[in-house]
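Colleague:
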Amino acid sequence: MNDTIAAISTALGEGAIAIVRISGPDAVSVSRKVLARQDFPEHGRMYLTTLHDNDGNIIDRVLCVHFRSPKSYTGEDVVEIHTHGGIFAARSCLELLLSNGARTADPGEFTRRAFVNGHIDLAQAEGVLSAITSRSNEALKAAARTLTGELSRAVMKIHDDILALQGKIEIQLDFPEGETLTGLDVHGEIARIVSSLEELIPRCSAGMILSHGVNVVIAGRPNAGKSSLLNAILGHKRAIVTDIPGTTRDIIEEAIIIGGVPVRLSDTAGLREADDVIESEGVRLALEAMKESDICIYVLDGSCDLAAEDSRHLRAIEGRNAIIAVNKSDLPNHVGDIESSCKVLHLSAKNGEGIDALKSAIYDMAVKDCAVNAGLNVSAYQLEELRGALRDLKEGEKSAAFGDDVTAGLVGSARLRLLRVLGVDAGDELLDSMFSRFCVGK
Ligand SMILES: Nc1nc2c(ncn2[C@@H]2O[C@H](COP(=O)(O)OP(=O)(O)O)[C@@H](O)[C@H]2O)c(=O)[nH]1
Ligand SMILES: [Mg+2]
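Quick note: the sequence shown uses numbering that gives the first Met the number 0, first residue 0, plus one each step.
1) Measuring CB to CB, does Ala124 end up less than 8 Å from Val439?
2) Could you check where the beta strand (DSSP E) with Pro261 kicks off and where it finishes?
3) Taking just the CA atoms, how far does Ala315 sit from Arg237?
4) Sort out for me which residues DSSP pairs Lys349 with in a bridge.
5) Is it right to say Val276 is buried, meaning 16 or more other beta carbons lie within 10 angstroms of its own, or is it exposed?
6) Reducing DSSP to helix, strand and coil, say where Tyr72 ends up.
7) With distances taken Cα to Cα, identify the nearest neighbour of Val215 among Leu172, Gly12, Ala101 and Ala360.
8) Does the beta carbon of Ala273 fall short of 7 Å from some heavy atom of ligand 2?
9) In chain order, what residues of the same chain have a beta carbon less than 7 Å from the beta carbon of Glu169, not counting five sequence neighbours either side?
10) Does Asp300 pass the burial test, meaning 16 or more other C-beta atoms within 10 Å, or should it be called exposed?
11) I need the boundaries of the alpha helix (DSSP H) containing Ala388, first residue and last residue.
12) Flag Ala238 as yes when its Cβ comes closer than 7 Å to any non-hydrogen atom of ligand 2, and as no otherwise.
13) Does ligand 2 have even one heavy atom less than 7 Å from the beta-carbon of Lys349?
14) Measure the beta-carbon distance from Gly84 to Asp25 and round it to whole angstroms, keeping in mind my assumption that it falls under 8 Å.
15) Which runs of the beta strand (DSSP E) fall wholly inside the region 76 to 120 and span at least 3 residues, in chain order?
16) Going straight from the alpha carbon of Lys305 to that of Val193, what length do you get?
17) Quick one: does the C-beta of Pro106 sit closer than 7 Å to a heavy atom of ligand 4?
18) For Ile4 and Ala17, I'd like the C-alpha separation in whole angstroms.
19) Taking the Cβ atom as the reference point for each residue, do Thr145 and Gly126 lie within a distance shorter than 8 Å?
20) Please determine whether the Cβ atom of Thr82 lies at a distance below 7 Å from any heavy atom of ligand 2.
21) For ligand 2, any of its heavy atoms closer than 7 Å to the Cβ of Thr246?
22) Tell me which residue opens and which closes the alpha helix (DSSP H) that Glu287 is part of.
23) Rounded C-beta distance between Ala373 and Arg202? I'm assuming under 8 Å.
24) Quick one, are the C-beta atoms of Lys225 and Gly234 less than 8 Å apart?
25) Taking the alpha carbon of Ser328 as the point to measure from, which residue in Ser339, Cys303 and Met364 has its own alpha carbon closest?
26) Do you know how far the Cα of Ala365 is from the Cα of Ile7?
27) Can you check which of these residues, Asp52, Val19 and Asn326, is closest to Leu34 by C-alpha distance?
28) Taking one C-beta from the region 107 to 115 and one from the region 329 to 337 each time, how about it: are there three or more such pairs within less than 8 Å?
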């Protein structure tokens, strides 16, 4: 980490400005080689100057700013050069910096350096990534909470409570048989820690949903009105609707935000024994998509009798996250009562009746017990560690009456898991996988 890295930190394309960022011990000296102005840098002050190539030709008029170590994003000396937008100015600037001693930054390397230098922990790094990738206001708020340290503080507080408890258990272990530390209630203390974790984990699951969205698949027999339903949910015509069965053969995917939750909606080919190869491939894909969905909306044509094939699919979705949409409520009902433990909604894709109720049902099913309005971002790895810590503590709670080695071991294991959520002692492999998810320049 004693080299100096550079990258374009803004998206490439036409725009007012582009920012090239340089970080490392030679950030200032390398920048000076490509800038006319030599009298900077005062910390945090913007300078107007020109960028020139190695032959002295002026390339662009730019602004530059220096953040002196350790008061910078990475903790190192950082220079930012603000060129004009578009592709060429920023790219020329970067190439000049590279030809004067800087190296191209890897994806997420600025943030990785911020982490290694102790400016942020791994939970905050996840928040940074989520802020960049957020697709809704709710997701952005979760990212802001996380990157400003709300999750880190909550995890640290639980960690400290465990540490204090561990100390007490250890004293207890040194006591002679039969004697107990006065006022020590291991069981009660673990229970309190368990409930803090039980409050925190749904917030993290919510963050996961806000970041990754949910995969909702619309399935059903031909002509049930699946494509009409997709269009009705989206509020515009996306899929072709006809009265010819077998119109939709491929999977049509569209993104929509419902109550701040990003939803990927897929319309699929109607489920039937198809005799042409294209349609039967469509049916195969539809069945696969149904299986992999987070939520399945099974559409029935309410104006027809229930087909044997429908009964079979309804049985298959029992117990799953599924909504049965009895469509064509504008026509007389022929399908009768649907016996299922899944939620059944009567609606009309044609006149819009019941569509809002369907969206609410999708939202409720997606967020279930998650605290979406208080979401926090974690990676799958971090969420697994938090859940593991909860498991350890619950196990520890069982043996707590004895206040013995077993309890001490479990409580200790939970504490280490919490440290891993923050990235303490994280190995290169974990950091590689974490930061490779970032873009270059962040
Ligand atoms: N009356 C009525 N007709 C509908 C409704 N939804 C779809 N349809 C009609 O049913 C036929 C099949 O619709 P489509 O969306 O293509 O069904 P898919 O094969 O399941 O995708 C078309 O003629 C639609 O106009 C509805 O709610 N009410
Ligand atoms: Mg269709």
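A virtual CB, placed ideally from N, CA and C, is assigned to each residue, including glycine.
Modeller: Taking the coordinates as given:
1) Inclusion of Ala124 and Val439 in the CB contact set at 8 Å is not warranted, their separation being larger than that value.
2) For Pro261, the uninterrupted beta strand (DSSP E) segment begins and ends at Val260 to Asp266.
3) The straight-line gap from Cα to Cα measures roughly 28 Å.
4) Lys349 pairs with nothing; no bridge assigned.
5) Answer is exposed; the Cβ neighbour count stays below 16.
6) Tyr72 falls in the coil class under three-state DSSP.
7) With distances taken between Cα atoms, Val215 lies closest to Ala360.
8) Proximity of the beta carbon of Ala273 to ligand 2 is not indicated: no heavy atom of the ligand is located closer than 7 Å.
9) Residues Ala407 of the same chain have their beta carbon placed closer than 7 Å to that of Glu169, with the five preceding and five following residues left out of the count.
10) Flag for Asp300 reads buried.
11) Annotation for Ala388: the continuous alpha helix (DSSP H) segment containing it runs Ala379 to Ser398.
12) True, at least one ligand heavy atom lies under 7 Å from that Cβ.
13) The closest heavy atom of ligand 2 lies 7 Å or more from the beta carbon of Lys349.
14) Gly84 to Asp25, Cβ: 27 Å. No contact.
15) Complete beta strand (DSSP E) runs here, min 3: 77 to 83.
16) As written in the sequence, residue 305 is Leu, which differs from the Lys given in the question. Rounded to the nearest angstrom, the two C-alpha atoms are 48 Å apart.
17) Absence of ligand 4 from the depicted structure is noted, with ligand 1 and ligand 2 being the only ligands included.
18) Computed Cα separation, rounded: 17 Å.
19) In this structure, Gly126 lies closer than 8 Å to Thr145 by Cβ.
20) Thr82: no, Cβ never under 7 Å from ligand 2.
21) Answer for Thr246: yes, Cβ within range of ligand 2.
22) Per DSSP, Glu287 belongs to the alpha helix (DSSP H) from Val276 to Glu291.
23) 5 Å between Cβ atoms; contact.
24) Cβ distance not < 8 Å, so Lys225 and Gly234 don't count as in contact.
25) Looking from the CA of Ser328, the closest CA among Ser339, Cys303 and Met364 belongs to Cys303.
26) Going from the Cα of Ile7 to the Cα of Ala365 covers about 37 Å.
27) Of the candidates Asp52, Val19 and Asn326, the one whose C-alpha sits nearest the C-alpha of Leu34 is Asp52.
28) Segments in contact, no.
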